[in-house]
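> Keeping their order, the protein sequence lines are chains A and B. First residue of the first sequence: 1, per UniProt numbering; consecutive thereafter. First residue of the second sequence: 1, per UniProt numbering; consecutive thereafter. Take a look at this one; I'll ask things after.
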Amino acid sequence: MTWRSPLALVRDALQGQRARERELRSLVSNLPYEGQEKGKQPNRFFLSNAIKTTKYSLLLFLPMNLYEQFHRLANLYFVGLAILNFIPVVNAFQPEVALIPICVIMLLTALKDGWEDFRRYQSDRKVNNTPCFVYSRREKQYVERRWKDVRVGDFVRVVSNEIVPADLLLLYSSDPNGVCHLETANLDGETNLKQRIVVSGLGAANLGFEPESFNSTVVCERPNSNLNHFKCFVEKPDKDKVGASIESLLLRGCTVRNTNHAVGFVVYAGHETKAMLNNNGSRYKRSKLEQKLNVDVFFCLILLFAMCLIGAFGHYLWLESLPGVPSFLVPDSNGHLDVPSLESFYMFFTMIILLQILIPISLYVSIELVKVGQIFFITNDIDLYDEETDSRVQCRALNITEDLGQIEYVFSDKTGTLTENKMVFRRCSVMGTEYPHKENAIRLDVIDEPESEEEVIFNQHQQLPRSRWSLEAEDISPPDTQRHGRRRKSKVAANAHSDAAFSSPLETEVIPDQKLLQQISRAESSGGRRDGNRSFDPHLDFFLALAICNTVVVSAENAHRQRVSLQSRSNSPLQNIRKCQGLFRKFSVKECTSPQSSQMRNPLETFSSLVKKAGAFFQRDKRNRTLSEDPVIDSAKTEDEADANRLRTCSLHAPSQNGSTIVEAEELCYEAESPDEAALVYAARAYGFILLARTPDSVTVRLPSGEDLVFEVLDTLTFDSNRKRMSVLVRHPVTKDYVLYTKGADYSIMELLGTPYAENFSGTEKNIAADTQYHLDCYAKEGLRTLCITKKVVSESTCQSWLGERKRAQAAMECREELIMQTAVQLETNLTLLGATGIEDRLQEKVPDTIVALREAGIHVWVLTGDKPETAVNIGYACRLLEEEDLVINMSCKNKVTCTAILDCTLEEVRRYRDDPRNAGTTQNISLVIDGNTLDMAKSPDLQERFVELTKHCRSVLCCRVTPLQKSAVVKLVREKLKVMTLAVGDGANDVNMIQAADVGIGISGQEGMQAVMASDFAISRFKHLKKLVLVHGHWCYTRLANMIIYFFYKNVAYVNLLFWYQFFCGFTATTMIDYWLMIFFNLFFTSTPPIMFGIFDKDVSVEVLQGVPELYRTGQGKGEYNFLTFWIAILDAFYQSLVCFFIPYLAYQDSDVDLFTFGTPLNTAALFTILLHLGIEIKSWTLVHWIIMLGSVALYFIVTLAYTATCVTCNPPSNPYWILQNQMADPMFYLIVTLCTVVALLPRYTFHVLKNSVAPSPLLQGRQLDRMDPSTRDQWIKEWRG
Amino acid sequence: MGKTKNKSGPLARRPDNSAFKQQRLPAWSPMLTANTVLPFFYLLAVICMLLGVWLLLLVQSTQEIKLDYTDLGNCNECFDLRRNVSNAAQTCSCRVEFSIDKSLKGDVFFYYGLKNFHQNLRRYMDSRDDGQTLGRIKNLKKNPSSYCAPFDKDNDGVPIAPCGAIANSMFNDSFTLNYHLSSSRSVPVPLLRTGLTWYTDKNVKFRNPRADNLTLAEVFEGTRPPLYWQKPVYSLDPHDPNNNGFINEDLIVWMREAAFPNFKKLYGILNRADPIFEKGLPKGNYTIDISYNFPVQHFQGRKGVVLTTLTWFGGQNHFLPIAYLVTSSLILLAAVVLTVAWWKFGKDGKNMKE
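The following block contains the structure:
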């Protein structure tokens, strides 16, 4: 390294800073500069790929960690007190001893931090040293380097299954279509493959890529954390700009799949990569309870100050009252006595030290421990475990468990949350004609039936080879047999499928409507001869649109996520088969756990479902990294699965004329980002329109005739929530027409319809739109999701000019999104309606039950959905959000004036209704249905008060056609205006805003990826789990924690007050009558575990009663059990108890020869018993754990104190603990005093509890009484009570 | 079987279905309602009542004689003399008379009492060196603990033994109790001046430095007695050479700081070897000769002596029996209220009609 002047270094640093801050970055290839010194490197200012996530370095660990720890207020308080102890005039204890607690706490924290940091260091080092291939000009090839050596501007080659080392702009892919598949599970948890496309227009992509010839400049935006957006263009030497977006970016941390190798240009490295920018620690939310707690800690602080002031003032008065200088007044070491006022000033601080534990610092630690325990029990609840996805409930936010017990408003998404989000094609309407798909409906009903008698068939796997051949003959079996065959769809198998992105048989198999089938074959045969006109048959066009207009990724099932390994091919087929059979056997043994029936099935059915299961198993298997590491299994799978798939084909009944081609087609596997799309593609397939392949430039579709058509894709206008539609612009291979297929929500499509095409369908076409709309309404009433399918033929000239504009929009750096959207809107006009589809999204299990329970628990349930009002209302009734007898207010208005009027009217009406005494006894509830537009108006500043007022009266609210942003706005509005605890539950990316806006966000790990889960505080797998999570765990966590906190305050105040009362007898000089060590132990050991145990284990009411009587949940809502009153009652009780515990021993020992620490011993013991038995009164159920901890605490007190007083002769100089407890325990007086103190101290609380429970029992107590009944009478009782 | 299957296979993450993890441990959940706790209340009330009555009877049988001699009789002169610190060196003695109407039976304990003397001030309490009184040479001759400051060394830098404010302010009146058989004849009442301390204090916490054939005076050479003391620590008790140095029982008793400003400390126990005092102190006239040294004016204090007999739970203390009786009646009151509640609101506790 050559020497450089410091000035140059500073200049460089400044330049680097500026270069990094710039909005746009220009990057060029590093290759021309290879080997040159650093100062000449063009990309030297950008961060390298080495990452460092550690917080500390070895040298700076101590100061930095201390600095970090002192950020916590509690530690600061501790240290401040310890420092106070070092000032001789104010110290209360030996300063060295006073340091011990804080030192122990900080040492433990430092050790934990150090260990964590070391682990981070290790993982950093591992990541930084991972090998990768970087192109070197000197060696003319890709050479192996470490990740940390990769720099911005390098060319990196990644191979299949390799993890991408930095954010790469994809320049070349071994895939002929320039596609690279990416699995982003590491980043967002989504498991479906994503396609990335080579930046277009950079020379011949297929001829291999020469990094050295890359002489363009890559201009990209400043690094940001948005995983779904990236703006960049490549400027070629001839100033031609090519746009690139996230579609061409390989993100660090993702895994390359299905692509042999790819080459990318490093745009961001190290900490500037999107993955690292997204990596920002865990969520921290402050629960409502903790906020209230802080207020009470503040009260304690005031109390502390008051007590210290009393102490200081008392000391002053006492000193003043002394006539002379008595021999017990000790001057300082110089023999000098300060004036009383100064002494009392010092005394104030001494008092703070003495009474410091009035501020419950250990409360914070205890709360954390309690929450860990509560979370442990929540995640271990077997009722919240979902067998299908093998997932437990996840608690992602660790500190808001108790918020679950105070929920007053639940905001729920509909799709995927209330419903399965397993889309099933139900019906369709083509050119105004409805095709009801009755068989399909029957099939779905059958599936609904409980799956009994399923798995037994696996005992017969020996039939495997034979049935394989026999099946071919039974190719076309009658539909009813089919239904039976499908009936045995194992749930587990379905799951395994859903793991591999939406291919559960429920969705893949659609039974075509016979009438429509005939219609198609008629169109086919009539149009088949006249090639030119064929595409004009709207029925064919409809299905073509279904097959083309989507973003479904097609992958051959056997190639799917296959590992590229050479060894796998070298194995002999025989061996593979054997292996495979072994696997089958293993698998079937696992599966045949339900020997419910031994009924024989016919071989066909047996085998078809066996194969399905096997397929499912393999797909799982491939995902499982550890298993698939084995190349033998891998190849075995590949071969055998081909067979398996062929067999499966046979059992399916496609209307196939040509068996062999279908066989091929059936090996396809569709992966869609949204399940609707997959459902539509599968529907098209059922009618013979099979999507064979999709590349960025083309779509291949096989027609029922067996002919393959390759459509050139000119552009895809992807779905967005504003347009609510998507389009694909293709060029028909036969007619050479430019055709735009659009599908989208009916209301977004209907207004875009034009009337061309009239020449083809004279007469009827006028009604098509109206008829279709009618059908759509019917679908919506049935609760189906509707989509309209349209087509538009674009002239060549329009098309070309539009494409040019589009290209410019895509290359734009400024407001690219807006431009792209504008171009999309431009093209999507004058559409021709082809038809509509109705897709069913079935309600999840036990959704109505859960919603009813939540409503009974006093929770207002809001459902926010993007669906049409009709669909939403229908689902609302289905899930019992709305009841038949409810008063449903429907709000939908076009402008603000009407909106205001309606709002006022309704509000008036509702108020009158509420105030009407005749309605007092009725159970009728008010529900509100409101649509997105009206909602927007209603939540405008001048109307929001009234709107909120109205919703307060509504038990449930249904918002339709809302956007994600509106969802979160509604949540925020309610949360802020009503000051209530809100919970939002959702499963998709569109719910993320809402989940984050609510106090408690719950993500459902469902079909739509993991974004909702990533943003959530709790992740569950089914909506029904909400019931137990909220009603049971929420209630428990809240009552436990609330009671524990109250108890904690009580405990500290009671104990500290003992010391305070003594000050009145020792001239307010901060003397303690309890040995300092024993005081520390008292808080640290003797009374610390019982409240924590109380916070984790106490169970006021059992699960059954909490679930059976959801009304019990209301006790926690609003102010709940931890409120102003309960807090001050606890404090007053603490004062009373401390008075008792102090003055009974005082009066008993008055005028006696008792010494100070002997006096302190019965006091301490009585305080221990009082404090523990106080908890004993509060504990609702005593398990073995309770007994052990309570008795253990008492035993520990005596053992530790006896041992301490027996060994400590001079160890703690001012106090003389030696042999005191032993002496006391030999004195009957001790027992008399302790017993009396305990009884008198607890008598009022105990009596009050008993009296209240006898005279006016709380609902919770009644719940507990229910618990004591035997289950059958209890159920009956609950039923009666509710009925 | 379930367990092994859980570890792998399709249900790998399934939680254990154990009673602990599912929070289904068998539990005892007591219902705090009148019908369940009433017997307990009545029982407790009765126990407290019986205990209170018994204790009261015991206390009634004890006797106690208190005598405040601060400025009683001719002690008045001494009281005035001690008002001025400069007269500290002068001796002063006085005599007080009293009579006992009813003989004190059994062991009689002789206490001296102080009022308003705060032995429980924090800095006063700290001002001692337990290492020194344990007999550690280092603490004795070189450096007494800094807690003793400013009573650790005298002005010449010579260490003080025993150091600290507690020892310095030690009570130094002494008493001789006389029993007047008749107007002319009197006998001194024999008092045991040992056995006043805790066994552990005398034998573990307080020890003289190792002597190695030296006299106690030689052991303490190089130290000074505390400022207010007239006698060095090794000659506190002229009568019993084994009661000198740090193991002097008066010192040990004084060093155990009293909990409250009004306290008494044991001075002696009646020696019942003499036939006259075999059964305790007979009734009659008594005098106490007091060597009056301890000044109390500076803290508005009072001095006194207490003669008392003890019960198994301490001296004459009416508080505990009365407290038990009061508690008993409170519990009874609560029990009655609860009984009323029980009568009025559902006897079986199932008052859940809504």
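C-beta: ideal position from N, C-alpha, C; glycine also. Just so it is clear, the structure is predicted and the values come from calculations on it, not from any experiment.
Helix, strand or coil for glycine 280 (chain B) per DSSP?
Glycine 280 (chain B) falls in the strand class under three-state DSSP.
> Going along chain B in order, which residues have a C-beta closer than 7 Å to the C-beta of valine 325 (chain A)?
Here the neighbours are His298.
> Can you give the Cα-Cα distance for phenylalanine 719 (chain A) and isoleucine 357 (chain A), rounded to whole angstroms?
Between phenylalanine 719 (chain A) and isoleucine 357 (chain A), the C-alpha separation is close to 60 Å.
> Suppose the cutoff is 7 Å on Cβ atoms and the five residues either side in sequence are ignored; what does the same chain contact list for valine 852 (chain A) look like?
Taken in chain order, the residues that qualify are Arg880.
> Taking DSSP as the reference, what is the three-state secondary structure of valine 28 (chain A)?
Note: valine 28 (chain A) maps to coil in three-state DSSP.
> Would you kindly report the start and end of the unbroken beta strand (DSSP E) that includes methionine 891 (chain A)?
Segment 887–891, the beta strand (DSSP E) holding methionine 891 (chain A).
> In chain order, what residues of the same chain lie with their CB nearer than 8 Å to the CB of valine 948 (chain A), ignoring the 5 residues before and after it?
Within the same chain, valine 948 (chain A) has close Cβ partners Leu973, Val974, Lys977 and Leu978.
> Quick check on this structure: which residue in A:Glu387, A:Pro733, A:Pro696 and A:Pro1257 has the alpha carbon closest to the alpha carbon of residue 1284 (chain A)?
In the structure displayed, chain A extends from 1 to 1283; residue 1284 (chain A) sits before or after that span and is not available.
> Within 7 Å of any Cβ in chain B, is that where the Cβ of phenylalanine 1159 (chain A) sits?
With 7 Å as the cut-off, phenylalanine 1159 (chain A) counts as an interface residue toward chain B.
> Per DSSP, what kind of secondary structure is lysine 115 (chain B) in: helix, strand or coil?
Strand, per DSSP.
> Just checking my contact of leucine 270 (chain B) with glycine 284 (chain B) at CB under 8 Å: how many whole Å lie between their CB atoms?
14 Å between Cβ atoms; not a contact.
> Please list, in chain order, all residues of the same chain as serine 26 (chain A) whose beta carbon is under 7 Å from its beta carbon, the five residues on each side excluded.
Answer for serine 26 (chain A): Thr217 and Val219, listed in chain order.
> Quick check: is the beta carbon of valine 1101 (chain A) nearer than 7 Å to any beta carbon in chain B?
Cβ-Cβ to chain B under 7 Å: no for valine 1101 (chain A).
> Report yes if the C-beta distance between histidine 860 (chain A) and tyrosine 435 (chain A) is below 7 Å; otherwise report no.
Not a contact, by the Cβ cut-off of 7 Å.
> I want to see whether chain B comes within less than 7 Å of cysteine 1066 (chain A), judged by CB atoms only; does it?
Closer than 7 Å: yes.
> Once DSSP output is grouped into helix, strand and coil, what is the label at arginine 912 (chain A)?
Of the three classes helix, strand and coil, the one that applies to arginine 912 (chain A) here is helix, per DSSP.
> Classify aspartate 240 (chain B): buried if its beta carbon has 16 or more other beta carbons within 10 angstroms, exposed otherwise.
Exposed.
> Could you round the C-beta distance between phenylalanine 175 (chain B) and tyrosine 267 (chain B) to whole angstroms and report it? I think they count as a contact, below 8 Å.
With a Cβ gap of about 6 Å, phenylalanine 175 (chain B) and tyrosine 267 (chain B) count as contacting.
> Could you check whether asparagine 120 (chain B) and cysteine 1066 (chain A) sit closer than 7 Å to each other, using their CB atoms as the reference points?
Yes, they are a contact pair.
> Can you tell me where the beta strand (DSSP E) with isoleucine 1144 (chain A) in it begins and where it stops?
Segment 1124–1149 is the alpha helix (DSSP H) holding isoleucine 1144 (chain A); no beta strand (DSSP E) there.
> Do you know whose CA, among A:Ile1171, A:Leu1261 and A:Leu1163, lies nearest phenylalanine 1230 (chain A)'s CA?
The candidate whose alpha carbon is nearest that of phenylalanine 1230 (chain A) is A:Leu1163.
> Would the region 1043–1056 of chain A and the region 27–40 of chain B be scored as touching if the rule is three or more Cβ pairs under 8 Å?
Not touching, per the Cβ criterion.
> Does the pairing of the region 1174–1185 of chain A with the region 1197–1215 of chain A give three or more beta-carbon distances under 8 Å?
Touching, no, given that fewer than three Cβ pairs across the two stretches are closer than 8 Å.
> Touching or not, the region 1234–1242 of chain A and the region 1153–1171 of chain A, by the rule of three or more beta carbon pairs under 8 Å?
Output reads yes: the region 1153–1171 of chain A touches the region 1234–1242 of chain A.
> CB of lysine 896 (chain A) to nearest heavy atom of the ligand MG: below 6 Å?
The model on display carries no ligand, and the ligand MG is accordingly not part of it.
> Quick check: the Cα distance between aspartate 338 (chain A) and leucine 56 (chain B), rounded to an integer number of angstroms?
In a straight line, the C-alpha of aspartate 338 (chain A) is about 48 Å away from that of leucine 56 (chain B).
> Taking the continuous beta strand (DSSP E) assigned at valine 372 (chain A), which residues delimit it?
Looking at the DSSP string, valine 372 (chain A) is not in any beta strand (DSSP E); the run it does join, the alpha helix (DSSP H), is 361–379.
> Where does serine 660 (chain A) sit, in a helix, a strand or coil, going by DSSP?
The predicted position of serine 660 (chain A) is uncertain, since its pLDDT is 39 and thus under 50; a value taken from the coordinates is nonetheless stated next. Helix at serine 660 (chain A).
> Taking only beta-carbon atoms, is serine 1254 (chain A) less than 7 Å away from chain B?
Cβ-Cβ to chain B under 7 Å: yes for serine 1254 (chain A).
> Is the CB-CB distance between proline 1217 (chain A) and threonine 1205 (chain A) below 7 Å?
Cβ distance < 7 Å, so proline 1217 (chain A) and threonine 1205 (chain A) count as in contact.
> Indicate the three-state DSSP secondary structure (helix, strand or coil) for methionine 276 (chain A) in the structure shown.
Note: methionine 276 (chain A) maps to helix in three-state DSSP.
> Determine the direct distance from the alpha carbon of lysine 414 (chain A) to that of aspartate 931 (chain A), and round the result to whole angstroms.
Distance between the alpha carbons of aspartate 931 (chain A) and lysine 414 (chain A) is about 14 Å.
> Serine 61 (chain B) versus chain E: which residues are under 7 Å apart at the beta carbon?
This model lacks chain E altogether; the protein chains it does include are A and B.
> For the beta strand (DSSP E) that residue 1284 (chain A) lies in, which residues bound it at each end?
This structure cannot speak to residue 1284 (chain A), because chain A is shown only from 1 to 1283.
> Using 8 Å for Cβ pairs, my map puts threonine 273 (chain A) next to valine 90 (chain A). What's the rounded Cβ distance?
Rounded, the Cβ-Cβ distance is 55 Å, inconsistent with contact.
> Measuring only the C-alpha atoms, how far is isoleucine 331 (chain B) from phenylalanine 1082 (chain A)?
Rounded to the nearest angstrom, the two C-alpha atoms are 30 Å apart.
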